[in-house]
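Numbered according to the numbering used here, the sequence shown terminates at residue 847, and the numbering increases by one at each position without gaps.
Cβ coordinates follow ideal geometry from the N, Cα and C atoms, glycine included.
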Amino acid sequence: MEEPAAQSTPVTPAPADASLERGLSQLSLRAGFALWWERLWPALVPLLSVAAIFIAASWLGVFAALPSWARLVALVAFAASALASLVPLARIAPPRQAERLRRIDRDSNAKHGLASAWADQLGSGERDGATRFLWEVHRRRLRGALSAARVAWPRPGMVARDRHALRMAPLLILVAAFFAAGPDRLGKVGAALDPHATGGSSVEARIDGWIDPPTYARMPPLVIDFAKAENGVLELRAPVGSTLVLRWPEGSGVAVQPSPALKAQQQAPTSSGVNESRWRITGDGSATVTGGPRETRLSIVSIPNEPPTIRIVGEPKTNIRGTVTLSYEGADEYGIRSVETRFADPRWRGRALSSGHPLVDPPVANLPPPPNRPGAPPARDTFDLSAHPWAGSDVTLRLAAKDEAGLEGTSDPVSLTLPAHPFSRPLARALVEQRRKLALDADQRTHVLEALYALMIAPEKFMPEAGIYISLRSIAQSLSSAGNDDQLRDVVGNLWELALVIEGNGPTRALDALRAAENALKDALANNASKEEIEQRMAELRQALDRYMRELAERSKQNPNSRHADRDMKMLTERDLQSMLDKLDEMAKNGERDRAQRMLDQLKDFLDNLQTAEGEEENAEDQQLSQEEQALDEMSELLRKELELRDDTQSADRQRQPGKQPGQRQGQQKQGQGQHGPQGQHGQQDQQGQDGQDQAQQGQGSGQGDEGLGGLSERQQRLRQRLQELGRKLGKMGSDEATKNLGDAGREMQDAEGALGEGDAAGATGSEGRAIDAMRKGMNALNDQLAQQQQQQGGQQGLDGRGRGRSRMARSGVDPLGRGVDRDEDEYGAEDYDNGSAYG
8 MEEPAAQSTP VTPAPADASL ERGLSQLSLR AGFALWWERL WPALVPLLSV
58 AAIFIAASWL GVFAALPSWA RLVALVAFAA SALASLVPLA RIAPPRQAER
108 LRRIDRDSNA KHGLASAWAD QLGSGERDGA TRFLWEVHRR RLRGALSAAR
158 VAWPRPGMVA RDRHALRMAP LLILVAAFFA AGPDRLGKVG AALDPHATGG
208 SSVEARIDGW IDPPTYARMP PLVIDFAKAE NGVLELRAPV GSTLVLRWPE
258 GSGVAVQPSP ALKAQQQAPT SSGVNESRWR ITGDGSATVT GGPRETRLSI
308 VSIPNEPPTI RIVGEPKTNI RGTVTLSYEG ADEYGIRSVE TRFADPRWRG
358 RALSSGHPLV DPPVANLPPP PNRPGAPPAR DTFDLSAHPW AGSDVTLRLA
408 AKDEAGLEGT SDPVSLTLPA HPFSRPLARA LVEQRRKLAL DADQRTHVLE
458 ALYALMIAPE KFMPEAGIYI SLRSIAQSLS SAGNDDQLRD VVGNLWELAL
508 VIEGNGPTRA LDALRAAENA LKDALANNAS KEEIEQRMAE LRQALDRYMR
558 ELAERSKQNP NSRHADRDMK MLTERDLQSM LDKLDEMAKN GERDRAQRML
608 DQLKDFLDNL QTAEGEEENA EDQQLSQEEQ ALDEMSELLR KELELRDDTQ
658 SADRQRQPGK QPGQRQGQQK QGQGQHGPQG QHGQQDQQGQ DGQDQAQQGQ
708 GSGQGDEGLG GLSERQQRLR QRLQELGRKL GKMGSDEATK NLGDAGREMQ
758 DAEGALGEGD AAGATGSEGR AIDAMRKGMN ALNDQLAQQQ QQQGGQQGLD
808 GRGRGRSRMA RSGVDPLGRG VDRDEDEYGA EDYDNGSAYG
């Protein structure tokens, strides 16, 4: 009995097989493209290289430089090379399906030809169940493996074919020729393909041009594109100060006709065969270029640069620490480069300071430029000029701002008093005063020298340290032997240093250290210093502030009447300062530089207010005594001038009568050899330091005859008038005794004035001596009155702080500088003045 034949069912592709078939079809297309490109690119490189060389030669003008026959030969050679490069292209055959499947297997790392196996079909045994079962198992395995099949990017293998990369040379030549060809690239290629074009010169009229803006404009160069010219005119805009640069080949016939607004500059060196011209743009102008592809006129509109504007905001603030705080704002279209102060018209106590032969320039402070953006807050800065000889005088201040182009703008003037370095010791203040006189007028050296010798009288009373006396004598000797302005400036510097030494290591030294620490931190914040440097500056500021506060507290303890300072010390406790410093430190570490700078300014304001409160009580006393002190200073000046007049009168009398020396007595020679020897030696030097009209009249007084005495009479008249005005002021103050003495001096001056007018020099000398004696008594009386007022206001507290300057008022005698000296009465007798002593 036969078994029934096995029934077969048709094989229906699963949905997964259809999806896999579509994926393999796409992979097959990609594999075919990769195979085709790998065969095409190596065959295409020769053709592209020939084309690149031809185009580059056209752009570079090689064909234009060749004669007709050579150009024809070159075209034939290029055509033959192009045809030869087409041969490899003709041999390229499209990839077959088997090649595509093998490419898929290779890129998929399939070791058993999975893609090729998927294309297989079931042959015999199609109806056998076991065969079909095995076939399905095989297909499932293929399906899983082919799901990760891929095709890699084409790999033409040019590196292996061209190890030296010579294929890149035509490309580089083509790029270089593109930039050198100019705008007419297509025309040059067409001309190269014309074998009948006439060969010409190798020089082509190609023009390159650009405008270099000035550096302050912060603008890129402007390249001139001649192809954009409309109707032969190209409009350009550039800042004033820009440079127009044009380049063209030599022998090309190019010419440039600039307008007067374009100033020719020195030509920069260029390579051979190239002409280059440069013009500086000073205003609206033009430049006509001929001989190029077409005539072009460059019309240049200049952008003017205006000077910067600067303005002082509010009133300058003078701080008790000797600094000045300014708020200011400015603007400039390109930015402000620098700001500095300009001081002028110095005045001291209402009188203009001497300007005959100054040794120092006006003070200058460099300020940071203000923000140059709309709506920005004004800049604020604090500077210190208290060490300059102008300190303490009334001045006119302007701010000068410069932009990057060097243009300068100034602010409107404001008036202020430059704060001076605070000196409390009388000797230091006297030295600073003499320093100011010498620095502002070198012709005052004689009077300054006399003053220095006067300050060395009785050194045991004013100079407890021998080194100070030795230093002062050394400075006086240096001043006496100085032969030029540099040596005189050294004397000016030495006087300042000695004054600082005399002042001692008090709060002013701590204040200087605090200022230095504040400025160091301020500079670090402004210059974006590193975090480590800012931390170091913060530590220095903390140390300087601690030292300053400790010395302020110690100073407060020594002055039992400084209740204001104690109260403010309590209000501004150490905790408050520590909180401000912590905030400042935190802002600096977090990169908030602007906020940190504002916090530092607030700290300065707090310290200024603290010291202002400390000085309020002393300032109240100063206001009560200032009128008497000014009167004493003016009396001292009048006494000095009367002494000079008496010396000039004696000199004029000796010149008129050579055999006679009127007024000379036995004590004069002795005086010249005694304790006052240095003074006597220098008291007879030329009075070249006399300023104004007194100096002119002094020169007349040294002449001969009645005409010279008439000039001395006029000097005496002016001194008498000033003395009368001073007497009226003292009368209003209630200084009866001093007023009476000045009245006696005025009458003697009037007698001397009449004697000089009559030519009686001897009689005038006696009257002048008695006037000097009366003025000395008036100074002593005013000194006694000031001493009594000081004792009533607090006894000896004036010996500390600024009140120390009042100590001279308690002494019974003064020299022409107003400094008190304990002397016997007969040492200041009238006979000394008659004998010609210049120091009382």
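Under the three-state DSSP convention, the category residue i falls into
{"i": "Pro-353", "result": "strand"}
{"i": "Glu-765", "result": "coil"}
{"i": "Trp-255", "result": "strand"}
{"i": "Trp-286", "result": "strand"}
{"i": "Trp-142", "result": "helix"}
{"i": "Ala-595", "result": "helix"}
{"i": "Ala-408", "result": "strand"}
{"i": "Pro-177", "result": "helix"}
{"i": "Gln-705", "result": "For Gln-705, the pLDDT reaches just 41, beneath the cut-off of 50, and the residue's location in the model is therefore unreliable, leaving the point undetermined."}
{"i": "Val-421", "result": "strand"}
{"i": "Arg-777", "result": "helix"}
{"i": "Trp-66", "result": "helix"}
{"i": "Arg-225", "result": "coil"}
{"i": "Leu-366", "result": "coil"}
{"i": "Met-578", "result": "At Met-578 the pLDDT is 49, less than 50, meaning the model places this residue with poor confidence; the figure from the coordinates comes in the next sentence. Correct three-state label for Met-578: helix."}
{"i": "Leu-716", "result": "helix"}
{"i": "Pro-74", "result": "coil"}
Residue i versus the options, residue with shortest Cα-Cα distance
{"i": "Thr-289", "options": "Ser-309, Glu-599 and Met-545", "result": "Ser-309"}
{"i": "Val-421", "options": "Ile-464, Ser-334, Arg-443 and Ala-483", "result": "Ser-334"}
{"i": "Thr-772", "options": "Asp-388, Gly-342 and Gln-723", "result": "Gln-723"}
{"i": "Leu-241", "options": "Leu-34, Arg-285 and Val-296", "result": "Val-296"}
{"i": "Thr-222", "options": "Gly-329, Glu-411, Leu-507 and Arg-387", "result": "Glu-411"}
{"i": "Leu-719", "options": "Asp-660, Leu-486, Gly-750 and Arg-110", "result": "Asp-660"}
{"i": "Pro-3", "options": "Trp-48, Met-786 and Ser-658", "result": "No answer is possible for residue 3: the residues shown for the chain start at 8 and end at 847."}
{"i": "Glu-525", "options": "Val-367, Leu-614 and Val-52", "result": "Leu-614"}
{"i": "Ala-762", "options": "Ser-115, Pro-433, Leu-716 and Pro-314", "result": "Leu-716"}
{"i": "Thr-316", "options": "Ser-284, Lys-409 and Thr-453", "result": "Lys-409"}
{"i": "Phe-350", "options": "Asn-312, Asp-401 and Thr-325", "result": "Asp-401"}
{"i": "Lys-529", "options": "Arg-544, Leu-507 and Leu-645", "result": "Arg-544"}
Residue i vs residue j beta-carbon contact at 8 Å
{"i": "Val-196", "j": "Trp-217", "result": "no"}
{"i": "Trp-43", "j": "Pro-95", "result": "no"}
{"i": "Ser-418", "j": "Ile-319", "result": "yes"}
{"i": "Pro-177", "j": "Ala-59", "result": "yes"}
{"i": "Glu-649", "j": "Met-782", "result": "yes"}
{"i": "Ile-343", "j": "Asn-373", "result": "no"}
{"i": "Val-158", "j": "Ile-111", "result": "yes"}
{"i": "Thr-330", "j": "Thr-403", "result": "no"}
{"i": "Phe-70", "j": "Ala-81", "result": "yes"}
{"i": "Gln-104", "j": "Ser-35", "result": "yes"}
{"i": "Val-247", "j": "Asp-219", "result": "no"}
{"i": "Ala-745", "j": "Gly-785", "result": "yes"}
{"i": "Leu-462", "j": "Ala-437", "result": "yes"}
{"i": "Leu-532", "j": "Arg-600", "result": "yes"}
{"i": "Pro-466", "j": "Trp-397", "result": "no"}
Contact belief for residue i with residue j at Cβ below 8 Å, rounded distance in angstroms
{"i": "Ala-520", "j": "Ala-551", "result": "5 Å"}
{"i": "Ile-509", "j": "Ala-435", "result": "4 Å"}
{"i": "Arg-287", "j": "Gln-272", "result": "6 Å"}
{"i": "Ser-293", "j": "Arg-301", "result": "The pair is not a contact, with the Cβ atoms about 16 Å apart (cut-off 8 Å)."}
{"i": "Ile-477", "j": "Leu-505", "result": "Between Leu-505 and Ile-477 the Cβ distance is about 11 Å, and since that is not below 8 Å, they are no contact."}
{"i": "Asp-448", "j": "Pro-365", "result": "6 Å"}
{"i": "Trp-255", "j": "Asn-282", "result": "6 Å"}
{"i": "Leu-445", "j": "Gln-451", "result": "6 Å"}
{"i": "Leu-584", "j": "Met-606", "result": "That belief does not hold up - the Cβ atoms of Leu-584 and Met-606 are roughly 12 Å apart, past 8 Å."}
{"i": "Leu-737", "j": "Leu-726", "result": "Incorrect: roughly 16 Å between the Cβ atoms, too far for contact."}
Identified DSSP bridge partners for residue i
{"i": "Asn-373", "result": "Glu-347"}
{"i": "Phe-390", "result": "Val-331"}
{"i": "Gly-337", "result": "Ile-317"}
{"i": "Arg-549", "result": "None; Arg-549 has no bridge partner."}
{"i": "Pro-246", "result": "Ile-310"}
{"i": "Asp-169", "result": "For Asp-169, which the question treats as bridged, DSSP gives no partner whatsoever."}
{"i": "Ala-262", "result": "Thr-297"}
{"i": "Gly-785", "result": "Note: Gly-785 sits in no beta bridge, so no partner."}
Residue i CB to nearest heavy atom of the ligand PLP below 7 Å
{"i": "Asp-401", "result": "This structure lacks the ligand PLP; in fact it carries no ligand of any kind."}
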